[in-house]
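This report refers to the structure that appears directly beneath it.
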Amino acid sequence: MSALLAASKRESVFLEAAERIGSRLCRDAVHFDNRCTWIGSSMEFIGTSWAVVERAFGAELYSGTSGIALILARLYDLTGETVYRDIAKLAVAQSRKQAENLRKSGFGFYAGMTGLAYAWTEIGEAFGDGELLEAARTLLKQIMTCDIETQGLDVVSGCAGVIPVFLDLAHRLDEPALRDFAIRCGEHVLSSAKQRTAGMSWRTLEMPAVDDLTGFSHGTSGVAWALLELYTATGDERFRRAAEAGFAYERAWYSAEQENWPDLRVLDGQPITPERQLGYALAWCHGAPGIGLSRLRAHALTGDRIYREEVAAAINATRRSLSAQAQGTNYSLCHGLFGNADLLIEAARAFGDPTLELEAQALGAHALERHHCDDEPWPCGVPNGTEAPGLLLGLAGIAYFYLRLYDAHKYPSLLLVAPRTQR
């Protein structure tokens with residue numbers, strides 16, 4: 001185990017790391033008109049191809065001001081340092097100013113309006129800010145006027161990400177209409193399903209693919225997980241059957257040799273043929289780490305042994321990826337080492353296996369030795385880019401990972417946001 005862990009209490013090391021990154025975010029905020037934002041690397045589609053650009057960020061939870069504000073609010077709640085509160089409030093003000101712009105992005109959780117409502121609720125509760133909580137309620141009511149049939153299906157942008165959050169907020173805000181909206185989203189998911197020889201699947205992205213995608217953020221496991229949460233909340237057997245059918249579709253693609261599920265996206269522009277070699281990603285967004293989180297939650301909700309076995313396979317693949325990439329260049333939550341290690345933290349809690357959490361802690365300590373102690377830039381989730389400030393691709397997510405290493409019970413995963421009444 002790392003000398004850093006052996007020389008100091010793990011808790012204080014990880015808390016200090018989160019605070020130090022949080023302080024950098026506060027230092028680097030760009031202020032204007034009683035609001036603030038951040039500038040950093042982003043991937044933009046320019047002309048006919050993707051390019052790395054430096055830009056100010058929007059309001060969304062994934063990479064924008066609401067996600068950064070959420071982490072700063074949690075640092076304030078833990079430490080009482082007022083700079084975190086003050087910058088979080090300015091970032092929230094910017095997200096409220098830009099909220100209308102997210103309508104064109106849809107009502108999704110990570111990429112749309114639901115993420116704002118969730119962040120405002122979390123921050124409003126942390127700060128005792130009734131006006132912000134009322135703003136969250138107002139935004140949720142606006143979301144419920146959206147035409148569900150025009151929205152996506154996946155976790156990042158569509159119904160699968162919205163359903164569990166609306167179930168959660170319905171209870172926390174005492175708004176039964178939010179639960180009804182989650183059910184309506186579930187009905188849309190059911191009506192969009194495709195019956196398959198093995199189970200059921202959904203077309204979640206308009207892009208070249210070998211078949212309907214596996215995976216959590218944009219694939220079948222994320223959709224199936226959301227339906228299972230809806231079954232748990234409502235008792236409606238249609239949602240349970242569809243969830244199980246979704247997992248069955250994904251299971252049919254499983255490779256025992258890889259202990260992983262293929263990434264069925266076609267990213268190389270080559271023709272889709274029967275001889276095509278399948279690729280196997282290892283990230284929260286695509287591959288075993290994210291799929292493992294879905295099966296971990298499915299096991300918690302159902303107790304079904306098959307999900308426990310699939311979690312074990314996902315953990316094995318994830319462990320190998322962490323070992324092979326320990327010198328890696330990406331610590332983001334979306335498709336980096338810390339997002340992968342989130343599965344180990346969650347599995348350690350679920351199964352009472354401290355060795356899994358120790359592995360995540362060792363990874364965190366190794367990263368500190370390489371980047372934190374020498375003030376080296378943190379490798380983030382934008383390929384060939386500089387540091388990014390946001391939650392899923394950058395520094396805010398890295399800081400939150402260290403808060404999870406400090407106290408995973410107090411700081412739950414933001415990669416699978418389950419209803420609190422069902423945790």
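In terms of the numbering used here, the sequence shown opens at residue 1 and continues consecutively. Each residue gets a CB set at the ideal place from its N, CA and C atoms; glycine is no exception.
**Study point:** Buried versus exposed call for L267 [16 or more other C-beta atoms within 10 Å across all chains shown]
**Key:** Working through the sequence shown from its first residue, we reach residue 267 at position 267. Label assigned to L267: exposed.
Point to revise | E259 and T220 closer than 8 Å at C-beta | key: On the sequence shown, position 259 is the one that residue 259 refers to. On the sequence shown, position 220 is the one that residue 220 refers to. Going by beta carbons, E259 and T220 fall outside the 8 Å limit.
Check your understanding: DSSP state of L282, grouped into three classes?
Key -> One-based indexing of the sequence shown puts residue 282 at position 282. Three-state result, L282: strand.
Check your understanding: In chain order, which beta strand (DSSP E) runs of at least 3 residues are fully inside the region 19–106?
Key -> For the region 19–106, whole beta strand (DSSP E) runs of length 3 or above, ordered along the chain, are 30–32, 35–37, 39–46 and 49–56.
Point to revise | Proximity of A298 and P289 at Cβ, strictly below 8 Å | key: Counting from 1 along the sequence shown, the entry for residue 298 is found at position 298. Counting from 1 along the sequence shown, the entry for residue 289 is found at position 289. It is not a contact, given that the beta carbons lie outside the stated cut-off.
**Study point:** E244: first and last residue of the uninterrupted alpha helix (DSSP H) it sits in
**Key:** Taking the first residue of the sequence shown as position 1, residue 244 is located at position 244. First-last of the alpha helix (DSSP H) with E244: E237 to A252.
Practice item. Please classify S201: does DSSP put it in a helix, a strand, or coil? Key: For the purposes of this step, residue 201 is identified with residue 201 of the sequence shown, where counting begins at 1. In this structure, S201 counts as strand in the three-state DSSP scheme.
Review point. With distances taken from CA atoms, which of L213, A209 and L15 is nearest W202?
Key: To locate residue 202, count along the sequence shown from 1; it is residue 202. Taking only the C-alpha atoms, the option nearest W202 is L213.
Exercise for review: To the nearest angstrom, report how far apart N34 and C26 are at their CA atoms.
Suggested key: Your numbering for residue 34 matches position 34 in the sequence shown. Your numbering for residue 26 matches position 26 in the sequence shown. Approximately 14 Å, taken between the alpha carbons.
Review point. Based on the DSSP secondary-structure assignment, which residues constitute the bridge partners of R265?
Key: By 1-based counting over the sequence shown, the position of residue 265 is 265. The partner list for R265 (beta bridge, DSSP) reads A209.
Check your understanding: Cβ of L169 within 8 Å of Cβ of Y118?
Key -> Residue numbering aside, residue 169 sits at position 169 when the sequence shown is read from its first letter. Residue numbering aside, residue 118 sits at position 118 when the sequence shown is read from its first letter. In contact: L169 and Y118 (Cβ atoms closer than 8 Å).
Point to revise | alpha helix (DSSP H) segment containing T302, residue limits | key: On the sequence shown, residue 302 is found 302 positions in, with the first residue counted as 1. Start and end: A288 to T302.
Review point. Nearest-angstrom Cα distance between V442 and N384?
Key: Limits of the chain in this structure are 1 at one end and 423 at the other, which puts residue 442 out of reach.
**Study point:** Pick from F247, A367 and A281 that is closest to A399, judged by C-alpha positions
**Key:** Against the sequence shown, residue 399 aligns to sequence position 399. The option with the nearest alpha carbon to A399 is A367.
Point to revise | Simplified DSSP assignment, three categories, for N340 | key: By one-based count along the sequence shown, residue 340 stands at place 340. Residue state, collapsed to three classes: helix.
Point to revise | Element boundaries [alpha helix (DSSP H), containing L368] | key: Position 368 of the sequence shown, counted from the start, is the residue given in the question as residue 368. Segment: none, L368 is in no alpha helix (DSSP H) and carries neither H nor E.
Check your understanding: Do the region 389–403 and the region 58–74 meet, that is, are 3 or more Cβ pairs less than 8 Å apart?
Key -> yes
Point to revise | Burial state of D154, where buried means 16 or more other Cβ atoms lie within 10 Å | key: Here residue 154 refers to the residue found at position 154 of the sequence shown. So D154 counts as buried.
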